[in-house]
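Numbering (the numbering used here), first residue to last: 860 to 1182. C-beta atoms are modelled at their ideal positions from N, C-alpha and C, and glycine is treated no differently.
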């Protein structure tokens, strides 16, 4: 087990002035808009063109809109649900032109994705799951920096003992965030590492323990067994902790990412999604597909490489940035 860089207790950061908070919000909205530029070009610009050119809302309008949404990775189920709801509202509100229908479409999309994230409770353990290559390690580092910045005592646990250099990569982030990390040698039992981390988190009164896990899907039973053992250790040794299983998905993988999500939901109780690399895809509609297919809230989205580019997901901001 290795511990280093222990952060001294600190008071929560002083409240930021309302003006500064608004500037920060505007700054992130600009980054969000820029990060979603590929999806905007692929989906919403096409929706805008369709809306402007539509003088009569008919079956052709709905069919073309359906094609746009599906090609943006919104998924068949989410697209069907959205189109059906749009038809219903267009009829009930007696909407006659495409631009009005576009505004209704925006509202429906916001409602579809607006699953509130449950309130955070302390102490908390975040089990971060996801296949290799989705950006798990970077995401964990950004989460550590984010929660540390608001005055929370954070600790990392290198629970992925199978991938070569996984703990070393996590150690780099621990040093960068100046938070302790608990790890063992490569090939060690992940549950044993979690046991060490839980003991350390309790002894040092950490608010948040973030656990990296292995991302192997080729043997689902092994993955299930590992995650189950980790969870049993946490439940037994740390019953007061609020445990959340957070799935990291790479937005650029589209429907493949959705299939990964289905598998992880089978093997563990996924309570939230972190969607990374949205700036690298033209198919940001995957956020809608996730909501419809999994009924799991998106907690955070990543729209760039910067530390501040991992931000809480807000459906209204997301859709406004798209349009």
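As assigned by DSSP and simplified to three states, the class of residue 1101: If you number the chain shown from 1, residue 1101 lands on position 242. The answer is strand: DSSP assigns residue 1101 an E or B state.
Assigned exposure category for residue 814 - 16 Cβ within 10 Å defines buried: Given a span of 860 to 1182 for the chain in the structure shown, any question on residue 814 remains unanswerable.
Minimum length 4: unbroken alpha helix (DSSP H) runs contained in the stretch 951-984: Qualifying alpha helix (DSSP H) stretches, in chain order: 957-972.
The alpha helix (DSSP H) enclosing residue 1162, as first and last residue numbers: As a first step, residue 1162 must be located in the chain shown, where it is residue number 303. Taken as a continuous stretch (DSSP letters only), residue 1162 belongs to no alpha helix (DSSP H), as it is neither H nor E.
Beta-carbon gap between residue 1166 and residue 1133 smaller than 7 Å: Start at 1 with the first residue of the chain shown, and residue 1166 comes out as number 307. Start at 1 with the first residue of the chain shown, and residue 1133 comes out as number 274. 7 Å or more divides the Cβ of residue 1166 from the Cβ of residue 1133.
Spatial distance of residue 1021 from residue 1073 (CA atoms): For the purposes of this step, residue 1021 is taken as residue 162 along the chain shown, with counting starting at 1. For the purposes of this step, residue 1073 is taken as residue 214 along the chain shown, with counting starting at 1. So the two alpha carbons sit approximately 7 Å from each other.
Coil, strand or helix - residue 1067 by DSSP: For the purposes of this step, residue 1067 is identified with residue 208 of the chain shown, where counting begins at 1. Strand.
Short Cβ contact (7 Å threshold) for residue 987 with residue 999: Reading the chain shown from its first residue, position 128 is the one you call residue 987. Reading the chain shown from its first residue, position 140 is the one you call residue 999. A Cβ-Cβ contact shorter than 7 Å links residue 987 with residue 999.
Given 8 Å, three or more beta-carbon pairs between the stretch 897-908 and the stretch 1132-1147: Because the criterion of three Cβ pairs below 8 Å is met, the stretch 897-908 and the stretch 1132-1147 touch.
Collapsed DSSP secondary structure at residue 1020 in the structure displayed: Here residue 1020 is taken as the residue at index 161 of the chain shown, counted from 1. Three-state DSSP puts residue 1020 in coil, outside helix and strand.
Best match in 1024, 1039 and 1093 for proximity to residue 991 [C-alpha to C-alpha]: Mapped onto the chain shown, residue 991 falls at position 132. Checking every option, the nearest Cα to that of residue 991 belongs to 1024.
Euclidean distance between Cα positions of residue 985 and residue 934: Your numbering for residue 985 matches position 126 in the chain shown. Your numbering for residue 934 matches position 75 in the chain shown. It is roughly 28 Å from the alpha-carbon of residue 985 to the alpha-carbon of residue 934.
Three-way DSSP call (helix, strand, coil) for residue 1145 in this model: Counting from one through the chain shown, the residue named residue 1145 turns up at place 286. In this structure, residue 1145 counts as helix in the three-state DSSP scheme.
Residue from 1110, 1153 and 1117 with nearest C-alpha to residue 898: One-based indexing of the chain shown puts residue 898 at position 39. Among 1110, 1153 and 1117, the Cα nearest to that of residue 898 belongs to 1110.
Exposed unless 16 or more other CB atoms sit within 10 angstroms - verdict on residue 1084: Here residue 1084 refers to the residue found at position 225 when the chain shown is read from its first residue. Of the other Cβ atoms in all chains shown, fewer than 16 fall within 10 Å of the Cβ of residue 1084; this residue is therefore exposed.
Classification of residue 1032 by the beta-carbon crowding that lies within 10 angstroms, buried from 16 upward: For this step, residue 1032 is matched to residue 173 along the chain shown. Counting C-beta atoms within 10 angstroms of its own C-beta, residue 1032 has 16 or more neighbours from the protein chains shown and is therefore classed as buried.
Span of the beta strand (DSSP E) around residue 1129: Here residue 1129 is taken as the residue at index 270 of the chain shown, counted from 1. Element bounds for residue 1129: 1129-1135.
Counterpart residues of residue 1108 in DSSP-defined beta bridges: Here residue 1108 corresponds to residue number 249 of the chain shown, with the count starting at 1. According to DSSP, residue 1108 bridges with 1134.
Rounded separation between residue 931 and residue 1163 - CA only: Position 72 of the chain shown holds residue 931. Position 304 of the chain shown holds residue 1163. Between residue 931 and residue 1163, the C-alpha separation is close to 20 Å.
Residues that DSSP places opposite residue 987 in a beta bridge: The count along the chain shown starts at 1 and reaches residue 987 at position 128. Beta-bridge pairing links residue 987 to 1071 and 1105.
Endpoints, alpha helix (DSSP H) assigned at residue 1169: For the purposes of this step, residue 1169 is taken as the residue at position 310 of the chain shown. For residue 1169, there is no enclosing alpha helix (DSSP H); the residue is found in the beta strand (DSSP E) stretching over 1169-1171.
As assigned by DSSP and simplified to three states, the class of residue 1040: Counting from 1 along the chain shown, the entry for residue 1040 is found at position 181. Three-state DSSP puts residue 1040 in a strand.
Local conformation of residue 993 per DSSP, three classes: As a first step, residue 993 is located in the chain shown; it is residue number 134 there, counting from the start. Correct three-state label for residue 993: coil.
Neighbourhood of residue 1029 by C-beta distance below 7 Å, restricted to the same chain and skipping five residues each side: Your numbering for residue 1029 matches position 170 in the chain shown. Cβ within range, chain order: 996, 999, 1015, 1017, 1040 and 1071.
C-alpha distance - residue 1077 paired with residue 1135, whole-angstrom precision: Taking the first residue of the chain shown as position 1, residue 1077 is located at position 218. Taking the first residue of the chain shown as position 1, residue 1135 is located at position 276. For the pair residue 1077 and residue 1135, the Cα-to-Cα distance works out to about 22 Å.
Cβ neighbour criterion (16 or more within 10 Å) applied to residue 1161: Numbered from 1 along the chain shown, position 302 holds the residue referred to as residue 1161. Of the other Cβ atoms in all chains shown, 16 or more fall within 10 Å of the Cβ of residue 1161; this residue is therefore buried.
Which of helix, strand or coil DSSP assigns to residue 1013: Translated into positions along the chain shown, residue 1013 becomes position 154. Here residue 1013 sits in strand by DSSP.
Selected residue, minimal CA-CA separation from residue 1002, among 1170, 888 and 921: Translated into the one-based positions of the chain shown, residue 1002 becomes position 143. Measuring from the Cα of residue 1002, the nearest candidate turns out to be 1170.
7 Å CB neighbourhood of residue 1127 in its chain, flanking five on each side removed: The sequence position of residue 1127 within the chain shown is 268, counting from 1. Correct list, in chain order: 988, 1086 and 1104.
Rounded Cβ spacing between residue 1151 and residue 960 (contact assumed at less than 8 Å): Against the chain shown, residue 1151 aligns to sequence position 292. Against the chain shown, residue 960 aligns to sequence position 101. Contact flag wrong, Cβ pair sits at about 20 Å.
Residue 1173 versus 1153, 1154 and 1146, residue with shortest Cα-Cα distance: In the chain shown, counting from the first residue as 1, residue 1173 sits at position 314. Nearest neighbour of residue 1173 by Cα position, chosen from 1153, 1154 and 1146, turns out to be 1146.
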